[in-house]
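Protein chains in written order, with this note's numbering: chain A, 1240 to 1568; chain B, 1240 to 1568. Every residue gets a Cβ at the ideal spot worked out from N, C-alpha and C, and that includes glycine. These numbers were taken from a predicted model, which means no experiment stands behind them.
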């Protein structure tokens, strides 16, 4: 099996740069690498593993000869170029929200539904950065105890808004005015409203995507998603109601033994996952595992993951790895 | 009716200083004012409304002649000195958690249970800073629709740890090491564990106190409480399940017309309560009022209040005001 020709679309963005870093860390084997970005970044030179790459602008035949393209350039670029790439025989792994609800596009977290990867028609969607850690933890619980309802409150870093978000917080820390309606330093922000909805676009993603990934149409999810003044990681306070009764110790062992999860849970010694601990990690971290006695079968827990890594870049590359394990390019 | 002789115990702390500020803003009428603090602050001079006050150390007969003492000096001081004060005929309004669970001590939020003020035996407890805004909003809903269960996730400023907390965040912003296990800048922290419990001491307060204040023993509350890198205000993502069905518009009007609440709720125009907006305000702010369709009668909302003001100093002084409206000193 030969190594694939790969491309990163959105290579100059926060997720694109992290994709390069993750490819390197995982010794991802490829025959060739091409980097694409918006016209204003085209022509820039990126040095990666001692080799210079000129950033290219996307055109109709950009994907000729490319086997796998990792897209992270926003929904508009994905809507326009992913079908062109697919048509030319390339498999797109798309980090935008453009294709996630499309019934012909699998939405994949490798720990949860790796088999869906092979149902693709040229496009595989990478889920929202809050959704990925939630389903990594919820899926093993759902399989054994049948989750009826999840209430999530998110604590999301401003890196979810990309380099622009990081720059905003940095400016505000240094008292440089940004002209924005809400500051994020020492403050909170919500995501934009979903049209014709009382929920934000982020909350609507969190309500829909886990059901598709977990094949759990009956599972109910409600949430409040909040942006906060930290630079890295998304945290989630999660309250789960299962249909079947459980022993809390069994839930703890189930989570500890599930793929892609690290448990830090010793509140008495102030040990729990924080953004400082989880930053730059590829696993989903879980702590504060406790019984919620206000319902018959209730679990509360605290999930932290690096939204740019497992929430975006790492998950996309793990999808590519699974794809390559079974498919000869 | 003559104006009372009043005292502040813990006058040099963050809440104590804010009590002075609130007394001034509300033109609280008193005959005399005395300021107490720990031995290490005794002898300091505080200028308040163009008059110098020497901070005194507490001794057994400190409360002779004092009518109302506002305590905010921690549980140990309250346990020791509040009974002495009560014995000398003074009414203590205590901001610590020392007396909140005592059946002979009323726990009061003036918008919710003002009548309980007059059941005191010399001590009235001021509730936890997360509890006060929650019950101000939950009580009118409970009266009409009977709340069965509340799930709360808190977003709490580091000012909840007092001046020490503010100093910690300030140092960390300026890259000055604090030697603490967890930083709060660009990070999160949990409160200390409640002994023999999987929940923190803050969460346990939030589960118990609303039931006592609202006289709602059957109401169930579960929570995750988190400290975050902002200087002021506590926010709460609140999910409420009622027994009786409702129209969302009626819930909105009920909240808007309830005492002590300001509603800011226009997500489409990015209008919602934030710490920046609510800082230094005495009202409880509510936004993101929306139906939760994952249960039959579900409401989600977002509450923000200034934890040092309505969550502590202002509520204590409002209790004193109510007390003085009915009682001749």
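Residue 1474 (chain B) at chain A interface by Cβ criterion, 8 Å: yes
Residue 1512 (chain B) to residue 1522 (chain A) span [Cα, whole Å]: Distance between the alpha carbons of residue 1512 (chain B) and residue 1522 (chain A) is about 34 Å.
Below-8 Å beta-carbon distance, residue 1270 (chain B) vs any chain A residue: It does not: the Cβ of residue 1270 (chain B) has no partner Cβ on chain A nearer than 8 Å.
Residue of B:1453, B:1336, B:1425, B:1394 minimising C-alpha distance to residue 1551 (chain B): B:1336
Contact under 8 Å by Cβ, residue 1466 (chain A) with residue 1399 (chain A): yes
Residue ranges of each beta strand (DSSP E) within the region 1300-1330 of chain B, 3 or longer: For the beta strand (DSSP E) assignment, the uninterrupted runs of no fewer than 3 residues enclosed by the region 1300-1330 of chain B are, from N- to C-terminal side, 1307-1310.
Continuous beta strand (DSSP E) stretch holding residue 1399 (chain A): start and end: Counting along the chain, residue 1399 (chain A) falls outside any beta strand (DSSP E), and DSSP gives it neither H nor E.
C-beta neighbour in chain E for residue 1400 (chain B), strict 8 Å: Protein chains A and B are contained in the structure displayed, whereas chain E is not.
Reference residue 1542 (chain A); option with closest CA among A:1411, A:1460, A:1474, A:1562: A:1474
Per-residue burial, residue 1409 (chain B) [other beta carbons within 10 Å of its own, 16 or more giving buried]: exposed
8 Å CB neighbourhood of residue 1503 (chain B) in its chain, flanking five on each side removed: 1510, 1511, 1512, 1516, 1524, 1525, 1526
Beta-carbon spacing of residue 1500 (chain B), residue 1528 (chain B) below 8 Å: no
Distance CB(residue 1244 (chain B))-CB(residue 1304 (chain B)) smaller than 8 Å: yes
Range covered by the alpha helix (DSSP H) that runs through residue 1551 (chain A): No alpha helix (DSSP H) holds residue 1551 (chain A); DSSP gives it neither H nor E.
Where residue 1460 (chain B) meets chain A, residues with beta-carbon distance less than 9 Å: Here the neighbours are 1533.
Proximal residues of chain A, C-beta to C-beta of residue 1539 (chain B) below 8 Å: 1461, 1463
Which residues DSSP lists as bridging residue 1473 (chain A), in chain order: The partner list for residue 1473 (chain A) (beta bridge, DSSP) reads A:1395, A:1544.
Under 9 Å by beta carbon: chain B residues contacting residue 1485 (chain A): Chain B residues near residue 1485 (chain A): none, gap ~15 Å exceeds 9 Å.
Contact between the region 1305-1320 of chain A and the region 1409-1424 of chain A (3+ Cβ pairs under 8 Å): Flag = no, the region 1305-1320 of chain A and the region 1409-1424 of chain A do not touch.
Through-space distance from residue 1535 (chain A) to residue 1274 (chain B), alpha-carbon basis: 50 Å
The beta strand (DSSP E) enclosing residue 1287 (chain B), as first and last residue numbers: 1284-1287
CB contact below 8 Å: residue 1381 (chain A) versus chain B: Cβ-Cβ to chain B under 8 Å: no for residue 1381 (chain A).
Below-8 Å beta-carbon distance, residue 1416 (chain A) vs any chain B residue: Closer than 8 Å: no.
Inter-residue CB distance, residue 1332 (chain B) and residue 1344 (chain B) (contact presumed, cutoff 8 Å): Residue 1332 (chain B) to residue 1344 (chain B), Cβ: 11 Å. No contact.
Residue 1479 (chain A) at chain B interface by Cβ criterion, 8 Å: no
Limits of the unbroken beta strand (DSSP E) element including residue 1293 (chain A): 1290-1293
Short CB-CB distance (under 8 Å) between residue 1544 (chain B) and chain A: no
Pairwise C-alpha distance: residue 1307 (chain B) and residue 1559 (chain B): 8 Å
Beta carbon proximity, residue 1390 (chain B) to chain A, threshold 8 Å: At a cut-off of 8 Å, the C-beta of residue 1390 (chain B) has a neighbouring C-beta in chain A.
Neighbour-count burial assignment, residue 1623 (chain B), 16 or more Cβ in a 10 Å radius: Since the displayed chain B opens at 1240 and closes at 1568, residue 1623 (chain B) lies outside it and no answer follows.
Boundaries of the beta strand (DSSP E) in which residue 1276 (chain B) is found, first to last residue: First-last of the beta strand (DSSP E) with residue 1276 (chain B): 1271-1276.
Contact the region 1445-1458 of chain A vs the region 1374-1381 of chain A: 3+ CB pairs below 8 Å: yes
Same chain, Cβ closer than 7 Å to residue 1433 (chain A), five either side skipped, listed in chain order: 1439, 1440, 1443
For residue 1371 (chain B), the nearest candidate out of B:1472, B:1265, B:1253 (CA to CA): B:1472
Chain A contact for residue 1509 (chain B) (CB, 8 Å cutoff): yes
Residue-chain proximity (residue 1394 (chain B), chain A), Cβ-Cβ < 8 Å: Output row for residue 1394 (chain B): interface = yes.
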